[in-house]
Amino acid sequence: MLARRSLAVLAVVPFTAAAQPVEPTLFVAHYHGGGATVVAFVINGDGTLSMADSAPSGVWSDSIAISPDGSTLCVGNPAGSDDGFGTSDFAYFFHINADSTLSPLGSVIIPQSPLAMSWLDNDTIAILNSDISNSIINTYDVDLEVPSVTLVDTEATGGFATNFANDRSRSLLFTQDSFSNAIFRYAYDGTGNMTASGSVTQGSYALDVTLSADNRFLYSAGGISSNRNKVTGYAVNEAANPVPLMALPGSPYVSAGNSPANIAIMPAGDYLFVGHGTDATVRGFAIDNEDGSLTATGAFFDVGSQGSIGDMTTYQDLLFVTDDTIETTGDDRGVLVFRIDAMGGMTQIGPKYDTGTPRPEGDLVVWAPSAPPCVADTNGDGMLSPADFSAWVAAFNTMAPACDQNSDGACTPADFSAWVANYNAGC
63 MLARRSLAVL
73 AVVPFTAAAQ
83 PVEPTLFVAH
93 YHGGGATVVA
103 FVINGDGTLS
113 MADSAPSGVW
123 SDSIAISPDG
133 STLCVGNPAG
143 SDDGFGTSDF
153 AYFFHINADS
163 TLSPLGSVII
173 PQSPLAMSWL
183 DNDTIAILNS
193 DISNSIINTY
203 DVDLEVPSVT
213 LVDTEATGGF
223 ATNFANDRSR
233 SLLFTQDSFS
243 NAIFRYAYDG
253 TGNMTASGSV
263 TQGSYALDVT
273 LSADNRFLYS
283 AGGISSNRNK
293 VTGYAVNEAA
303 NPVPLMALPG
313 SPYVSAGNSP
323 ANIAIMPAGD
333 YLFVGHGTDA
343 TVRGFAIDNE
353 DGSLTATGAF
363 FDVGSQGSIG
373 DMTTYQDLLF
383 VTDDTIETTG
393 DDRGVLVFRI
403 DAMGGMTQIG
413 PKYDTGTPRP
423 EGDLVVWAPS
433 APPCVADTNG
443 DGMLSPADFS
453 AWVAAFNTMA
463 PACDQNSDGA
473 CTPADFSAWV
483 ANYNAGC
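Residue numbers (our numbering): 63 to 489.
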(Lines of atoms letter the chains of each structure in order from A and count residues from 1; the text may use other names and numbers.)
(Lines give C-alpha, C1' and ligand atoms only; values in the text may rest on other atoms or scores of the structure.)
Protein backbone atom coordinates (compact mmCIF):
# COMPACT_ATOMS: atom_id res chain seq x y z
CA MET A 1 0.00 0.00 0.00
CA LEU A 2 1.27 3.45 -0.85
CA ALA A 3 1.61 6.37 1.51
CA ARG A 4 -1.36 8.69 1.32
CA ARG A 5 -0.95 12.03 -0.37
CA SER A 6 -3.45 14.68 -1.42
CA LEU A 7 -3.68 16.13 -4.91
CA ALA A 8 -4.10 19.81 -5.75
CA VAL A 9 -7.64 21.16 -6.07
CA LEU A 10 -8.73 23.88 -8.50
CA ALA A 11 -11.91 25.97 -8.86
CA VAL A 12 -13.34 25.03 -5.49
CA VAL A 13 -16.95 25.85 -4.63
CA PRO A 14 -18.90 24.96 -1.47
CA PHE A 15 -20.38 21.48 -1.30
CA THR A 16 -24.10 21.08 -0.89
CA ALA A 17 -25.96 18.34 0.93
CA ALA A 18 -26.14 14.90 -0.67
CA ALA A 19 -28.98 14.40 -3.13
CA GLN A 20 -29.70 12.48 -6.28
CA PRO A 21 -31.78 12.98 -9.43
CA VAL A 22 -35.46 12.26 -8.92
CA GLU A 23 -35.84 11.14 -12.54
CA PRO A 24 -33.72 8.63 -14.45
CA THR A 25 -30.95 10.62 -16.11
CA LEU A 26 -28.48 10.02 -18.93
CA PHE A 27 -25.10 11.77 -18.72
CA VAL A 28 -22.93 12.32 -21.80
CA ALA A 29 -19.24 13.31 -21.76
CA HIS A 30 -17.91 15.37 -24.67
CA TYR A 31 -14.44 14.67 -25.98
CA HIS A 32 -13.71 17.86 -27.89
CA GLY A 33 -10.70 20.14 -27.75
CA GLY A 34 -12.73 23.30 -28.28
CA GLY A 35 -14.12 23.11 -24.76
CA ALA A 36 -15.72 19.98 -23.31
CA THR A 37 -19.03 19.62 -21.51
CA VAL A 38 -20.99 16.98 -19.66
CA VAL A 39 -24.65 16.97 -20.66
CA ALA A 40 -27.58 15.64 -18.60
CA PHE A 41 -30.79 14.34 -20.20
CA VAL A 42 -33.87 13.35 -18.20
CA ILE A 43 -35.19 10.03 -19.52
CA ASN A 44 -38.94 10.49 -19.90
CA GLY A 45 -41.47 7.73 -19.35
CA ASP A 46 -41.97 7.27 -23.10
CA GLY A 47 -38.22 6.93 -23.72
CA THR A 48 -37.73 10.42 -25.14
CA LEU A 49 -35.01 12.68 -23.73
CA SER A 50 -35.21 16.20 -22.30
CA MET A 51 -31.96 18.11 -21.78
CA ALA A 52 -31.60 19.19 -18.16
CA ASP A 53 -28.13 20.75 -18.20
CA SER A 54 -24.88 21.23 -20.10
CA ALA A 55 -21.94 21.97 -17.80
CA PRO A 56 -18.38 22.93 -18.82
CA SER A 57 -15.94 20.16 -17.91
CA GLY A 58 -12.52 21.24 -19.14
CA VAL A 59 -11.19 19.86 -22.42
CA TRP A 60 -11.31 16.35 -23.89
CA SER A 61 -13.77 14.93 -21.33
CA ASP A 62 -13.79 11.18 -21.80
CA SER A 63 -14.48 8.99 -18.75
CA ILE A 64 -17.45 9.55 -16.45
CA ALA A 65 -18.83 7.87 -13.32
CA ILE A 66 -21.71 8.37 -10.86
CA SER A 67 -21.34 7.62 -7.15
CA PRO A 68 -23.54 4.73 -5.93
CA ASP A 69 -25.87 7.10 -4.07
CA GLY A 70 -26.35 9.25 -7.18
CA SER A 71 -25.12 12.44 -5.55
CA THR A 72 -21.80 12.99 -7.36
CA LEU A 73 -20.57 12.87 -10.94
CA CYS A 74 -16.86 12.59 -11.75
CA VAL A 75 -15.56 13.39 -15.24
CA GLY A 76 -12.06 12.49 -16.44
CA ASN A 77 -10.12 14.75 -18.81
CA PRO A 78 -7.09 13.12 -20.46
CA ALA A 79 -4.47 15.52 -21.85
CA GLY A 80 -5.57 19.01 -21.17
CA SER A 81 -7.81 21.54 -19.47
CA ASP A 82 -9.01 25.06 -20.18
CA ASP A 83 -7.47 26.67 -17.09
CA GLY A 84 -3.90 27.18 -18.31
CA PHE A 85 -2.54 23.74 -17.40
CA GLY A 86 -2.62 22.43 -20.95
CA THR A 87 -0.41 19.40 -20.31
CA SER A 88 -2.11 18.22 -17.12
CA ASP A 89 -4.90 15.69 -16.76
CA PHE A 90 -7.89 16.41 -14.55
CA ALA A 91 -10.88 14.89 -12.81
CA TYR A 92 -13.87 17.21 -12.40
CA PHE A 93 -16.46 16.71 -9.65
CA PHE A 94 -20.11 17.79 -9.88
CA HIS A 95 -22.96 17.65 -7.40
CA ILE A 96 -26.04 16.15 -9.08
CA ASN A 97 -29.18 18.03 -8.09
CA ALA A 98 -32.66 16.58 -7.71
CA ASP A 99 -33.71 18.10 -11.07
CA SER A 100 -30.72 16.43 -12.82
CA THR A 101 -28.79 19.69 -13.17
CA LEU A 102 -25.12 19.84 -12.20
CA SER A 103 -23.30 22.07 -9.73
CA PRO A 104 -19.48 22.16 -10.14
CA LEU A 105 -17.50 21.27 -7.02
CA GLY A 106 -13.94 21.60 -8.35
CA SER A 107 -11.23 19.67 -10.14
CA VAL A 108 -8.08 17.77 -9.19
CA ILE A 109 -4.92 17.06 -11.17
CA ILE A 110 -4.61 13.37 -12.04
CA PRO A 111 -1.36 11.64 -13.12
CA GLN A 112 -1.56 10.31 -16.71
CA SER A 113 -4.73 10.08 -18.76
CA PRO A 114 -7.88 9.11 -16.79
CA LEU A 115 -9.41 6.87 -19.45
CA ALA A 116 -11.83 5.11 -17.07
CA MET A 117 -13.21 5.58 -13.59
CA SER A 118 -15.53 3.74 -11.22
CA TRP A 119 -16.72 4.55 -7.71
CA LEU A 120 -15.96 1.71 -5.30
CA ASP A 121 -18.29 3.32 -2.75
CA ASN A 122 -19.59 6.83 -2.11
CA ASP A 123 -16.22 8.00 -0.76
CA THR A 124 -13.71 6.05 -2.87
CA ILE A 125 -13.07 6.16 -6.60
CA ALA A 126 -10.82 4.07 -8.86
CA ILE A 127 -9.27 5.88 -11.83
CA LEU A 128 -7.53 4.08 -14.68
CA ASN A 129 -4.54 6.14 -15.81
CA SER A 130 -3.19 5.00 -19.17
CA ASP A 131 -0.85 5.96 -21.95
CA ILE A 132 0.44 3.90 -24.88
CA SER A 133 3.09 2.12 -22.80
CA ASN A 134 1.88 1.91 -19.21
CA SER A 135 -1.42 1.68 -17.33
CA ILE A 136 -2.13 1.87 -13.60
CA ILE A 137 -5.18 1.87 -11.36
CA ASN A 138 -5.16 4.50 -8.65
CA THR A 139 -7.75 4.49 -5.88
CA TYR A 140 -8.53 7.69 -4.00
CA ASP A 141 -10.41 8.80 -0.93
CA VAL A 142 -12.71 11.61 -2.05
CA ASP A 143 -13.53 14.49 0.29
CA LEU A 144 -16.24 16.59 -1.31
CA GLU A 145 -16.28 19.15 1.48
CA VAL A 146 -12.98 20.58 0.21
CA PRO A 147 -13.02 18.92 -2.35
CA SER A 148 -9.82 16.86 -2.51
CA VAL A 149 -8.65 13.35 -3.28
CA THR A 150 -6.05 11.34 -1.35
CA LEU A 151 -4.21 8.46 -2.97
CA VAL A 152 -4.94 5.12 -1.28
CA ASP A 153 -3.42 2.43 -3.51
CA THR A 154 -1.89 1.78 -6.94
CA GLU A 155 -1.82 -1.35 -9.12
CA ALA A 156 -0.11 -1.80 -12.50
CA THR A 157 -2.35 -3.28 -15.22
CA GLY A 158 -0.02 -3.78 -18.18
CA GLY A 159 0.53 -1.87 -21.39
CA PHE A 160 -2.73 -0.19 -22.43
CA ALA A 161 -5.97 -0.45 -20.45
CA THR A 162 -9.05 1.61 -21.28
CA ASN A 163 -12.07 0.57 -19.20
CA PHE A 164 -13.43 -0.95 -15.99
CA ALA A 165 -16.17 -3.40 -15.09
CA ASN A 166 -17.07 -3.17 -11.39
CA ASP A 167 -18.88 -5.87 -9.41
CA ARG A 168 -19.67 -3.95 -6.22
CA SER A 169 -21.63 -6.91 -4.82
CA ARG A 170 -18.37 -8.86 -4.49
CA SER A 171 -15.90 -5.93 -4.43
CA LEU A 172 -14.24 -7.04 -7.67
CA LEU A 173 -12.87 -4.72 -10.35
CA PHE A 174 -12.04 -5.95 -13.86
CA THR A 175 -9.92 -4.22 -16.48
CA GLN A 176 -7.99 -5.23 -19.60
CA ASP A 177 -4.75 -4.79 -21.52
CA SER A 178 -4.91 -4.48 -25.29
CA PHE A 179 -1.21 -5.30 -25.69
CA SER A 180 -1.39 -8.73 -24.02
CA ASN A 181 -5.07 -9.51 -24.80
CA ALA A 182 -5.59 -10.02 -21.08
CA ILE A 183 -8.40 -9.37 -18.59
CA PHE A 184 -7.37 -8.71 -14.99
CA ARG A 185 -9.33 -9.08 -11.77
CA TYR A 186 -8.67 -7.04 -8.61
CA ALA A 187 -10.30 -7.43 -5.23
CA TYR A 188 -10.76 -4.27 -3.17
CA ASP A 189 -11.64 -3.62 0.45
CA GLY A 190 -13.68 -0.96 2.19
CA THR A 191 -10.79 1.49 2.28
CA GLY A 192 -9.85 1.23 -1.42
CA ASN A 193 -6.86 -1.09 -1.09
CA MET A 194 -6.59 -3.47 -4.06
CA THR A 195 -5.21 -6.97 -4.48
CA ALA A 196 -4.52 -8.56 -7.87
CA SER A 197 -6.56 -11.77 -7.96
CA GLY A 198 -5.99 -13.45 -11.29
CA SER A 199 -6.14 -12.89 -15.03
CA VAL A 200 -7.02 -14.63 -18.29
CA THR A 201 -5.72 -14.15 -21.82
CA GLN A 202 -7.64 -14.58 -25.05
CA GLY A 203 -7.05 -14.65 -28.79
CA SER A 204 -8.32 -11.14 -29.48
CA TYR A 205 -8.34 -7.70 -27.94
CA ALA A 206 -10.48 -7.39 -24.82
CA LEU A 207 -12.15 -4.02 -25.42
CA ASP A 208 -14.99 -2.58 -23.32
CA VAL A 209 -15.14 -5.40 -20.76
CA THR A 210 -18.75 -5.40 -19.54
CA LEU A 211 -20.57 -7.32 -16.80
CA SER A 212 -24.15 -8.51 -17.06
CA ALA A 213 -26.56 -6.87 -14.63
CA ASP A 214 -26.43 -9.88 -12.29
CA ASN A 215 -22.61 -10.06 -12.57
CA ARG A 216 -22.69 -13.70 -13.71
CA PHE A 217 -21.17 -13.06 -17.14
CA LEU A 218 -18.50 -10.78 -18.62
CA TYR A 219 -18.08 -9.95 -22.30
CA SER A 220 -15.44 -8.12 -24.35
CA ALA A 221 -15.13 -6.82 -27.91
CA GLY A 222 -12.28 -7.90 -30.16
CA GLY A 223 -11.81 -4.73 -32.22
CA ILE A 224 -9.66 -5.05 -35.33
CA SER A 225 -7.93 -8.22 -34.06
CA SER A 226 -8.82 -11.84 -34.84
CA ASN A 227 -10.54 -11.27 -38.22
CA ARG A 228 -12.22 -8.09 -36.91
CA ASN A 229 -15.40 -9.88 -35.83
CA LYS A 230 -15.00 -11.45 -32.38
CA VAL A 231 -16.97 -11.04 -29.14
CA THR A 232 -15.70 -13.06 -26.18
CA GLY A 233 -17.81 -14.22 -23.24
CA TYR A 234 -16.99 -15.59 -19.80
CA ALA A 235 -18.68 -16.90 -16.70
CA VAL A 236 -17.48 -14.96 -13.66
CA ASN A 237 -16.06 -17.23 -10.97
CA GLU A 238 -16.33 -16.60 -7.26
CA ALA A 239 -13.71 -14.34 -5.72
CA ALA A 240 -12.03 -17.28 -3.95
CA ASN A 241 -11.35 -19.03 -7.27
CA PRO A 242 -7.82 -18.15 -8.47
CA VAL A 243 -9.10 -18.35 -12.06
CA PRO A 244 -11.32 -15.28 -12.40
CA LEU A 245 -13.18 -16.18 -15.59
CA MET A 246 -14.27 -19.31 -17.47
CA ALA A 247 -14.95 -19.19 -21.22
CA LEU A 248 -18.61 -19.58 -22.17
CA PRO A 249 -19.79 -22.32 -24.55
CA GLY A 250 -19.07 -21.33 -28.14
CA SER A 251 -16.93 -18.32 -27.22
CA PRO A 252 -15.58 -16.36 -29.02
CA TYR A 253 -18.71 -15.41 -30.95
CA VAL A 254 -18.72 -14.02 -34.48
CA SER A 255 -20.38 -10.70 -35.25
CA ALA A 256 -21.55 -9.75 -38.73
CA GLY A 257 -20.16 -6.24 -38.15
CA ASN A 258 -16.63 -4.99 -38.70
CA SER A 259 -14.42 -4.28 -35.65
CA PRO A 260 -16.50 -4.78 -32.47
CA ALA A 261 -15.66 -1.96 -30.06
CA ASN A 262 -18.56 -1.28 -27.67
CA ILE A 263 -20.78 -3.56 -25.60
CA ALA A 264 -24.06 -2.80 -23.85
CA ILE A 265 -26.21 -5.35 -22.00
CA MET A 266 -29.90 -4.91 -21.28
CA PRO A 267 -30.70 -4.75 -17.53
CA ALA A 268 -32.97 -7.81 -17.84
CA GLY A 269 -29.93 -9.78 -19.01
CA ASP A 270 -31.66 -11.09 -22.14
CA TYR A 271 -29.91 -9.16 -24.91
CA LEU A 272 -26.45 -7.81 -25.65
CA PHE A 273 -25.65 -5.16 -28.26
CA VAL A 274 -22.32 -4.60 -29.97
CA GLY A 275 -21.19 -1.33 -31.54
CA HIS A 276 -18.63 -1.59 -34.32
CA GLY A 277 -15.86 0.82 -35.23
CA THR A 278 -15.26 0.28 -38.93
CA ASP A 279 -18.81 -0.10 -40.27
CA ALA A 280 -20.46 1.87 -37.41
CA THR A 281 -23.26 -0.68 -36.98
CA VAL A 282 -25.05 -1.77 -33.81
CA ARG A 283 -25.93 -5.47 -33.79
CA GLY A 284 -27.91 -7.56 -31.32
CA PHE A 285 -27.32 -10.92 -29.64
CA ALA A 286 -29.60 -12.99 -27.41
CA ILE A 287 -28.04 -14.11 -24.12
CA ASP A 288 -28.81 -17.64 -22.95
CA ASN A 289 -30.00 -17.24 -19.36
CA GLU A 290 -28.46 -20.53 -18.26
CA ASP A 291 -24.96 -20.49 -19.73
CA GLY A 292 -24.52 -16.92 -21.04
CA SER A 293 -23.81 -17.97 -24.62
CA LEU A 294 -24.67 -15.54 -27.43
CA THR A 295 -26.83 -15.99 -30.53
CA ALA A 296 -27.11 -13.26 -33.16
CA THR A 297 -30.68 -11.94 -33.44
CA GLY A 298 -30.34 -10.03 -36.69
CA ALA A 299 -31.20 -6.74 -34.98
CA PHE A 300 -29.22 -4.05 -36.75
CA PHE A 301 -28.79 -0.28 -37.04
CA ASP A 302 -26.28 1.66 -39.14
CA VAL A 303 -25.20 4.73 -37.17
CA GLY A 304 -23.19 6.36 -39.95
CA SER A 305 -19.61 6.63 -41.15
CA GLN A 306 -16.56 4.82 -39.79
CA GLY A 307 -15.90 5.60 -36.13
CA SER A 308 -19.32 7.19 -35.58
CA ILE A 309 -20.22 5.29 -32.41
CA GLY A 310 -18.96 7.02 -29.27
CA ASP A 311 -20.45 4.81 -26.55
CA MET A 312 -23.53 2.75 -25.66
CA THR A 313 -25.46 2.10 -22.47
CA THR A 314 -28.89 0.85 -21.34
CA TYR A 315 -31.77 1.59 -18.98
CA GLN A 316 -34.83 -0.65 -18.52
CA ASP A 317 -35.81 -1.56 -22.12
CA LEU A 318 -33.90 1.32 -23.71
CA LEU A 319 -30.56 1.32 -25.56
CA PHE A 320 -28.64 4.60 -25.92
CA VAL A 321 -26.00 5.12 -28.63
CA THR A 322 -23.99 8.27 -29.35
CA ASP A 323 -23.12 9.39 -32.86
CA ASP A 324 -19.97 11.42 -32.27
CA THR A 325 -19.15 12.51 -35.80
CA ILE A 326 -19.83 15.83 -37.52
CA GLU A 327 -20.65 15.10 -41.13
CA THR A 328 -19.51 17.48 -43.84
CA THR A 329 -23.15 18.17 -44.70
CA GLY A 330 -25.43 18.96 -41.80
CA ASP A 331 -25.18 18.41 -38.09
CA ASP A 332 -25.39 14.69 -37.41
CA ARG A 333 -24.09 14.31 -33.85
CA GLY A 334 -26.16 13.32 -30.84
CA VAL A 335 -27.80 10.52 -28.86
CA LEU A 336 -29.92 7.80 -30.46
CA VAL A 337 -32.53 6.01 -28.35
CA PHE A 338 -33.92 2.55 -29.15
CA ARG A 339 -36.63 0.54 -27.44
CA ILE A 340 -35.72 -3.14 -27.32
CA ASP A 341 -38.73 -5.45 -27.61
CA ALA A 342 -39.20 -8.95 -26.23
CA MET A 343 -37.63 -10.46 -29.36
CA GLY A 344 -34.59 -8.18 -29.25
CA GLY A 345 -35.80 -5.89 -32.02
CA MET A 346 -34.70 -2.24 -32.12
CA THR A 347 -37.20 0.60 -32.59
CA GLN A 348 -35.85 4.15 -32.63
CA ILE A 349 -37.59 6.58 -30.29
CA GLY A 350 -37.69 10.23 -31.26
CA PRO A 351 -35.01 12.07 -33.24
CA LYS A 352 -31.27 12.03 -32.79
CA TYR A 353 -30.97 14.20 -29.68
CA ASP A 354 -28.44 16.98 -30.17
CA THR A 355 -26.05 17.14 -27.23
CA GLY A 356 -25.15 20.75 -27.93
CA THR A 357 -21.38 20.40 -28.27
CA PRO A 358 -19.47 18.56 -31.03
CA ARG A 359 -18.11 15.06 -30.52
CA PRO A 360 -20.03 13.32 -27.73
CA GLU A 361 -17.29 10.69 -27.85
CA GLY A 362 -16.93 10.20 -24.11
CA ASP A 363 -18.70 7.74 -21.86
CA LEU A 364 -22.45 7.41 -21.38
CA VAL A 365 -23.78 6.62 -17.91
CA VAL A 366 -27.32 6.39 -16.53
CA TRP A 367 -28.56 7.20 -13.04
CA ALA A 368 -31.55 4.95 -12.30
CA PRO A 369 -33.46 5.93 -9.14
CA SER A 370 -34.50 3.11 -6.86
CA ALA A 371 -38.14 2.13 -7.01
CA PRO A 372 -40.14 3.85 -4.25
CA PRO A 373 -41.05 1.59 -1.33
CA CYS A 374 -44.46 -0.04 -1.42
CA VAL A 375 -45.70 1.40 1.87
CA ALA A 376 -49.11 -0.32 1.64
CA ASP A 377 -47.37 -3.72 1.72
CA THR A 378 -47.33 -3.62 5.50
CA ASN A 379 -46.61 -7.33 5.98
CA GLY A 380 -43.63 -7.14 3.62
CA ASP A 381 -44.50 -10.17 1.52
CA GLY A 382 -43.89 -8.36 -1.76
CA MET A 383 -47.53 -8.05 -2.85
CA LEU A 384 -50.70 -6.20 -1.93
CA SER A 385 -53.51 -8.26 -0.44
CA PRO A 386 -56.20 -7.98 2.27
CA ALA A 387 -53.63 -9.44 4.67
CA ASP A 388 -51.88 -6.07 4.57
CA PHE A 389 -54.88 -4.48 6.31
CA SER A 390 -54.49 -6.84 9.26
CA ALA A 391 -50.77 -6.06 9.26
CA TRP A 392 -51.53 -2.32 9.30
CA VAL A 393 -53.92 -2.74 12.25
CA ALA A 394 -51.20 -4.63 14.12
CA ALA A 395 -48.72 -1.85 13.31
CA PHE A 396 -51.23 0.75 14.53
CA ASN A 397 -51.79 -1.09 17.80
CA THR A 398 -48.07 -1.34 18.47
CA MET A 399 -47.16 2.08 17.03
CA ALA A 400 -44.77 0.33 14.60
CA PRO A 401 -43.15 2.34 11.74
CA ALA A 402 -45.36 0.64 9.12
CA CYS A 403 -48.34 2.42 10.65
CA ASP A 404 -47.21 5.81 9.30
CA GLN A 405 -48.80 5.74 5.84
CA ASN A 406 -48.95 9.50 5.25
CA SER A 407 -45.29 10.11 6.17
CA ASP A 408 -46.06 12.73 8.80
CA GLY A 409 -43.82 11.04 11.36
CA ALA A 410 -46.70 9.95 13.58
CA CYS A 411 -49.07 7.00 13.90
CA THR A 412 -52.66 8.32 14.02
CA PRO A 413 -56.13 7.33 12.72
CA ALA A 414 -55.41 9.47 9.65
CA ASP A 415 -52.97 6.78 8.56
CA PHE A 416 -55.88 4.40 7.95
CA SER A 417 -57.23 6.62 5.16
CA ALA A 418 -53.67 6.98 3.86
CA TRP A 419 -53.23 3.20 3.84
CA VAL A 420 -56.46 2.78 1.85
CA ALA A 421 -55.26 5.38 -0.67
CA ASN A 422 -51.84 3.73 -0.93
CA TYR A 423 -53.45 0.31 -1.36
CA ASN A 424 -55.77 1.55 -4.11
CA ALA A 425 -52.88 3.28 -5.90
CA GLY A 426 -50.98 -0.01 -6.07
CA CYS A 427 -47.24 -0.53 -6.29
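The C-beta atom is built at its ideal place from N, Cα and C for all residues, glycine as well.
Note that the structure is a prediction, hence the values are computed from the model and not measured.
At a Cβ-Cβ threshold of 8 Å, Val399 and Gly418 do not count as neighbours. When the Cα atoms are used, Leu190 and Ala223 turn out to be separated by approximately 8 Å. DSSP, read as helix, strand or coil, puts Cys136 in strand.
Counting C-beta pairs with one atom in each stretch, the stretch 313-331 and the stretch 367-379 have three or more that are closer than 8 Å, which means they touch. In this structure the stretch 426-443 does not lie against the stretch 402-411, because fewer than three pairs of beta carbons, one per stretch, are closer than 8 Å. Across the structure, Asn184 and Tyr202 are spaced so that their CA atoms are roughly 11 Å apart. In summary, Ala342 is buried, with 16 or more beta-carbon neighbours lying within 10 Å of its beta-carbon over all protein chains present. The three-state secondary structure of Arg230, taken from DSSP, is coil.
In the structure shown, Pro166 falls within a strand segment according to DSSP collapsed to helix, strand and coil. Annotation for Phe451: the continuous alpha helix (DSSP H) segment containing it runs 449-460.
Closest by C-alpha distance to Gly295, out of Arg278, Ile286, Ser288, Pro304, is Arg278. With contacts defined by Cβ atoms closer than 8 Å, Ser119 and Val137 form a contacting pair. The DSSP assignment places complete beta strand (DSSP E) segments of no fewer than 3 residues inside the stretch 163-229 at 164-172, 175-183, 186-192, 197-205, 210-220, 226-229, in order along the chain. Beta-bridge annotation (DSSP): Ile126 is paired with Val137. For Asn324, the enclosing beta strand (DSSP E) begins and ends at 322-327.
Within the stretch 346-394, the complete beta strand (DSSP E) segments at least 3 residues long are 356-364, 371-377, 380-385, listed from N- to C-terminus. Contact check for Leu88 and Asp124: beta-carbon distance about 17 Å, past the 8 Å limit, so the pair fails to qualify. Here Gln264 is not bridged, per DSSP, to any residue.
With contacts defined as CB atoms closer than 8 Å, Val293 and Phe236 fail to qualify as a contacting pair.
Minimum Cα-Cα distance from Ser175 among the listed residues Ser452, Ser317, Asp193, Asp477 corresponds to Asp193. In the structure shown, Ala430 falls within a coil segment according to DSSP collapsed to helix, strand and coil. Following the DSSP letters along the chain, one finds Phe478 inside the alpha helix (DSSP H) bounded by residues 476-487.
If you ignore the 5 residues before and after Asp425, its C-beta comes within less than 6 Å of the C-beta of Ala91, Ser125, Ile126, Asp373, all in its own chain and listed in chain order.
Boundaries cannot be given for Tyr415, as no beta strand (DSSP E) includes it and DSSP labels it neither H nor E. Spanning the alpha carbons of Ser261 and Leu446 requires a straight line of approximately 47 Å. In this model, Ile371 and Phe478 are separated by some 54 Å (Cα to Cα). Here Pro311 is exposed, its C-beta having fewer than 16 other C-beta atoms within 10 Å. For the set Val104, Ala456, Ala464, Val482, the Cα lying nearest the Cα of Ser162 is the one of Val104. Nearest C-alpha to Ile245 among Gly254, Asn255, Gly252, Leu234: Leu234. Between Ile198 and Thr216, the C-beta spacing is below 8 Å. A distance below 8 Å between beta-carbons, with the five flanking residues on each side excluded, links Pro314 to the following residues of its chain, in chain order: Gln264, Gly265, Ser266, Gly284, Ser288, Lys292, Val293, Thr294, Gly295.
In the three-state DSSP reduction, Ser288 falls in the helix class (H, G or I). Closest by C-alpha distance to Leu280, out of Asp131, Asn320, Gly331, Ser242, is Gly331. In its chain, beyond the 5 residues on either side, Val100, Ala102, Asp115, Ala117, Leu135, Phe156, His157, Ile158 have a beta carbon closer than 8 Å to the beta carbon of Leu164. Here Arg247 is bridged, per DSSP, to Phe236.
Distance check between Asp353 and each of Asn441, Val298, Tyr415 places Val298 closest, using alpha-carbon atoms only.
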